[in-house]
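Asker: So for the sequence shown, UniProt numbering puts the first residue at 1; every next one is plus one. Quick reminder that beta carbons are idealized off the backbone N, C-alpha and C, glycines included. Given the structure is predicted, the values throughout are model-derived calculations rather than measurements.
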Amino acid sequence: MKVQNGWSCSVFFLLHMIHVTWTQKFGVIGPSTDIFALLGEDVTLPASLSPPLSARGFGVTWDRKDLQSLVLLYQNFQIRPERQMEAYKGRTSLFLEELEGGNVSLRLRNVRVSDGGLYRCLVASEQWNEESHLTLNVEGHEAEAEAKQKRTMADSEVKRIATVVEELQALDEQIQNLLVRRRYLRDLKARLLDKPSSPSVIGVTSTPRCAAQITFTPAPRRSDTDDDLGVFQLCRRGFKARTPPSAQASILTQNRFDPLSVPSSPSAPGDVIVVGDSIVRNLNITCPNRKSFVSCFPGARVRDVTRRAPAIYKNRAVGAIVIHAGVNDIRHRQSEILKADFTALIKDTKERTPSAKIFISGPLPLVRRSNEYYSRLLGLNNWLQGFCKNQDIGFINNWDLFWERPRFFKRDGLHPNSFGARVLSENISKHHDVPTVMDGLKARSLYNHQHQVTP
């Protein structure tokens, strides 16, 4: 009976003390000065109850000055992280062992710059709510500012490097354009220096006759049936009487350098045929006393011309053939295959039309194309010149006529307009009757054989 009475008294006393604790008035004491912490270290924000009551059954709330940024919540004898700010999760705690003595201080680990500012500690019982405020100053802002400045400078350097790289790329592109332009000018200079001067034509002119003026009649050209080269006739004319000149002794002369000049032979009989891609669509070739035909294969490559052109030569007397192709092969970037296709085309044309003169019309320097496209076109133009010389066929150079003349082209920068087609037609018309180099060599060989002149 006495034991039961003692146990009842103990329980009653404990409940009485808890009731006194929950209902007793208390206060929350914080520091009188600001709290200072170093960046990256741990810090304690002190707070305690006065009188030192047990805070285990109380609610303890730590938040920021806006009362909405929850730093830590202790409720129902445990810490509740559900409503805690994400920035403070895992970095805050209470001294749970010391709650019995009224210590409600906050432990904050790994202090950040954003942790600085005003904090509030709110302790709530059933009947009382008390709070305390304190300020946390985070030292090391200068280091953070310096780091931020370094990051800003690094970003600025990255942007500057990117700008420099863009400028260098632009300069490289300009340099490539200048190099291509220089190569073209050097090639043009070499062609102009190597180009032989046009032979002067000796003819009879109607110049006023003066006293004692010596006139020469031009020596007749050599024909296949002549055994000599003709004679020069010297005449003197006076003022008084226009008597015929006295007979002069006939002097046999010969010009050992005459075979070096290409004799002017009549044009080969037959039609003039121009075959090619869509570049030749609107050409109008003028050939005195000869018919001309233009056959256009839009989008055709060189091998397409080789396959389709024989149908045009069939059952036709062909005197000259002008081929314009290759521009549609450039985009495939197969230079060696293109050269082989040209070789096969010329070989097939010679076999099918052995008596016809063959000409290749060079490519046009197209406008608004890339540097690589232009470079490949220029390389093809230069290669065709040497190729035609080796094959003893004519080459019609259109490059210089159309260079830097966008007014000759349509808007696509590929096909010549009406004016450009007329320029191209005139350039082809004046070239298709030009004798080849082999014609001059054959004439010289015949002359040496008949007259046994040492070359």
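Under 8 angstroms by Cβ, that's how I've got A37 and V111 pegged, so tell me the actual separation to the nearest angstrom.
Answerer: Along the sequence shown, one-based indexing puts residue 37 at 37. Along the sequence shown, one-based indexing puts residue 111 at 111. With a Cβ gap of about 5 angstroms, A37 and V111 count as contacting.
Asker: Would you call K357 buried or exposed, if buried means 16 or more other Cβ atoms sit within 10 Å of its Cβ?
Answerer: Counted from its first residue, the sequence shown places residue 357 at position 357. Per the 10 Å Cβ criterion, buried.
Asker: Using CA atoms only, rank isn't needed, just tell me which of L94, L70, S69 is closest to Q78.
Answerer: Taking the first residue of the sequence shown as 1, we reach residue 78 at position 78. Per the Cα distances, L94.
Asker: Below 8 angstroms on the Cβ atoms is my guess for F359 versus I396; work out the distance and round it to an integer in Å.
Answerer: Locating residue 359 in the sequence shown gives position 359, where the first residue counts as 1. Locating residue 396 in the sequence shown gives position 396, where the first residue counts as 1. Correct: roughly 6 angstroms between the Cβ atoms.
Asker: Please list, in chain order, all residues of the same chain as L188 whose beta carbon is under 8 angstroms from its beta carbon, the five residues on each side excluded.
Answerer: As a first step, residue 188 is located in the sequence shown; it is residue number 188 there, counting from the start. Answer for L188: D400, listed in chain order.
Asker: Reducing DSSP to helix, strand and coil, say where Q385 ends up.
Answerer: The residue you call residue 385 lines up with position 385 of the sequence shown. Note: Q385 maps to helix in three-state DSSP.
Asker: Taking DSSP as the reference, what is the three-state secondary structure of N177?
Answerer: One-based indexing of the sequence shown puts residue 177 at position 177. It is helical.
Asker: If you run the structure through DSSP and keep just helix, strand and coil, what is P416?
Answerer: Along the sequence shown, read from residue 1 onward, the residue named residue 416 stands at position 416. Strand.
Asker: Confirm, please, whether the CB-CB distance from R376 to I330 is below 8 angstroms.
Answerer: The residue you call residue 330 lines up with position 330 of the sequence shown. The residue you call residue 376 lines up with position 376 of the sequence shown. Against a cut-off of 8 angstroms, the Cβ pair of R376 and I330 comes out as a contact.
Asker: Alpha carbon to alpha carbon, what distance is there between M153 and K159?
Answerer: Here residue 159 refers to the residue found at position 159 of the sequence shown. Here residue 153 refers to the residue found at position 153 of the sequence shown. Going from the Cα of K159 to the Cα of M153 covers about 10 angstroms.
Asker: Give the list of continuous beta strand (DSSP E) stretches no shorter than 3 residues that lie fully inside the region 38-107.
Answerer: Segments of the beta strand (DSSP E) lying fully in the region 38-107: 43-45, 48-50, 59-64, 70-75, 92-94.
Asker: Between V302 and D341, which are expected to be in contact by the criterion C-beta below 8 angstroms, what is the C-beta distance as a whole number of angstroms?
Answerer: By 1-based counting over the sequence shown, the position of residue 302 is 302. By 1-based counting over the sequence shown, the position of residue 341 is 341. Right, the Cβ-Cβ distance comes to about 4 angstroms (below 8 angstroms), so this counts as a contact.
Asker: Using the C-alpha atoms, what's the distance from T163 back to N390?
Answerer: Counting from one through the sequence shown, the residue named residue 390 turns up at place 390. Counting from one through the sequence shown, the residue named residue 163 turns up at place 163. So the two alpha carbons sit approximately 51 angstroms from each other.
Asker: When you compare only the Cα positions, how much space is there between G319 and F297?
Answerer: Residue mapping note: residue 319 aligns to position 319 of the sequence shown, counting from 1. Residue mapping note: residue 297 aligns to position 297 of the sequence shown, counting from 1. Each residue's Cα considered, the two are about 21 angstroms apart.
Asker: Can you give me the Cβ contacts of A212 inside the same chain, cut-off strictly under 6 angstroms, excluding the 5 residues immediately before and after it?
Answerer: In the sequence shown, counting from the first residue as 1, residue 212 sits at position 212. Low per-residue confidence applies at A212: pLDDT is 42, beneath 50, and the placement is therefore not dependable enough to give any value.
Asker: Helix, strand or coil for I393 per DSSP?
Answerer: Position 393 of the sequence shown, counted from the first residue, corresponds to residue 393. Here I393 sits in coil by DSSP.
Asker: Looking at the strands, I want to know which residues DSSP matches up with K357.
Answerer: On the sequence shown, position 357 is the one that residue 357 refers to. Beta-bridge pairing links K357 to A320.
Asker: Select from P52, P310, R316, D277 the residue whose C-alpha is nearest the C-alpha of K291.
Answerer: Taking the first residue of the sequence shown as position 1, residue 291 is located at position 291. Of the candidates P52, P310, R316, D277, the one whose C-alpha sits nearest the C-alpha of K291 is R316.
Asker: Which stretch, first to last residue, makes up the alpha helix (DSSP H) that contains V305?
Answerer: Mapped onto the sequence shown, residue 305 falls at position 305. 302-308 is the span of the alpha helix (DSSP H), which, as asked, contains V305.
Asker: By DSSP, does F409 sit in helix, in strand, or in coil?
Answerer: If you number the sequence shown from 1, residue 409 lands on position 409. Three-state result, F409: strand.
Asker: If you follow the beta strand (DSSP E) that V272 is in, where does it begin and where does it stop?
Answerer: Position 272 of the sequence shown, counted from the start, is the residue given in the question as residue 272. Taken as a continuous stretch (DSSP letters only), the beta strand (DSSP E) holding V272 covers 271-276.
Asker: Quick one: what's got a C-beta closer than 8 angstroms to N177's C-beta in the same chain, skipping five residues either side?
Answerer: Sequence index remark: in the sequence shown, residue 177 carries index 177 (1-based). Cβ within range, chain order: N371.
Asker: In the DSSP assignment, the alpha helix (DSSP H) including N328 goes from what residue to what residue?
Answerer: Position 328 of the sequence shown, counted from the first residue, corresponds to residue 328. Here the alpha helix (DSSP H) through N328 covers 327-330.
Asker: Does the distance from the C-beta atom of G30 to that of C121 stay below 8 angstroms?
Answerer: As a working note, residue 30 is residue 30 in the sequence shown. As a working note, residue 121 is residue 121 in the sequence shown. Contact flag set, yes.
Asker: Following the continuous beta strand (DSSP E) through R120, name the residue where it begins and the one where it ends.
Answerer: Residue numbering aside, residue 120 sits at position 120 when the sequence shown is read from its first letter. From DSSP, the beta strand (DSSP E) with R120 extends over 117-124.
Asker: Could you pull the start and end residues of the beta strand (DSSP E) that F402 belongs to?
Answerer: By 1-based counting over the sequence shown, the position of residue 402 is 402. Counting along the chain, F402 falls outside any beta strand (DSSP E), though it belongs to the alpha helix (DSSP H) covering 399-402.
Asker: So which of F409, I321, N382 has the shortest CA-CA distance to T353?
Answerer: The count along the sequence shown starts at 1 and reaches residue 353 at position 353. Residue I321 is the option with its Cα nearest to T353.
Asker: Would you tell me roughly how many angstroms separate the C-alpha atoms of L72 and Q149, rounded to the nearest one?
Answerer: For the purposes of this step, residue 72 is taken as the residue at position 72 of the sequence shown. For the purposes of this step, residue 149 is taken as the residue at position 149 of the sequence shown. So the alpha carbons of these two residues sit roughly 33 angstroms apart.
Asker: When the distance is taken between beta carbons, is H415 closer than 8 angstroms to F408?
Answerer: As a first step, residue 408 must be located in the sequence shown, where it is residue number 408. As a first step, residue 415 must be located in the sequence shown, where it is residue number 415. Their beta carbons are not under 8 angstroms apart, which means F408 does not touch H415 by this criterion.
Asker: Could you check where the alpha helix (DSSP H) with I29 kicks off and where it finishes?
Answerer: The count along the sequence shown starts at 1 and reaches residue 29 at position 29. Not the alpha helix (DSSP H): I29 falls in the beta strand (DSSP E), residues 27-29.
Asker: Please list, in chain order, all residues of the same chain as F58 whose beta carbon is under 7 angstroms from its beta carbon, the five residues on each side excluded.
Answerer: Along the sequence shown, one-based indexing puts residue 58 at 58. Same-chain partners within the cutoff: V123, A124, S125.
Asker: Check F36 in the structure and name its three-state DSSP category.
Answerer: Indexing the sequence shown from 1 puts residue 36 at position 36. In this structure, F36 counts as strand in the three-state DSSP scheme.
Asker: Roughly how many whole angstroms lie between the Cα atoms of V104 and I161?
Answerer: Sequence index remark: in the sequence shown, residue 104 carries index 104 (1-based). Sequence index remark: in the sequence shown, residue 161 carries index 161 (1-based). Spanning the two alpha carbons is a distance of roughly 54 angstroms.
Asker: I'd like to confirm the pairing. Which residues does DSSP put opposite F297 in its beta bridges?
Answerer: As a position in the sequence shown, residue 297 is number 297, starting the count at 1. For F297, which the question treats as bridged, DSSP gives no partner whatsoever.
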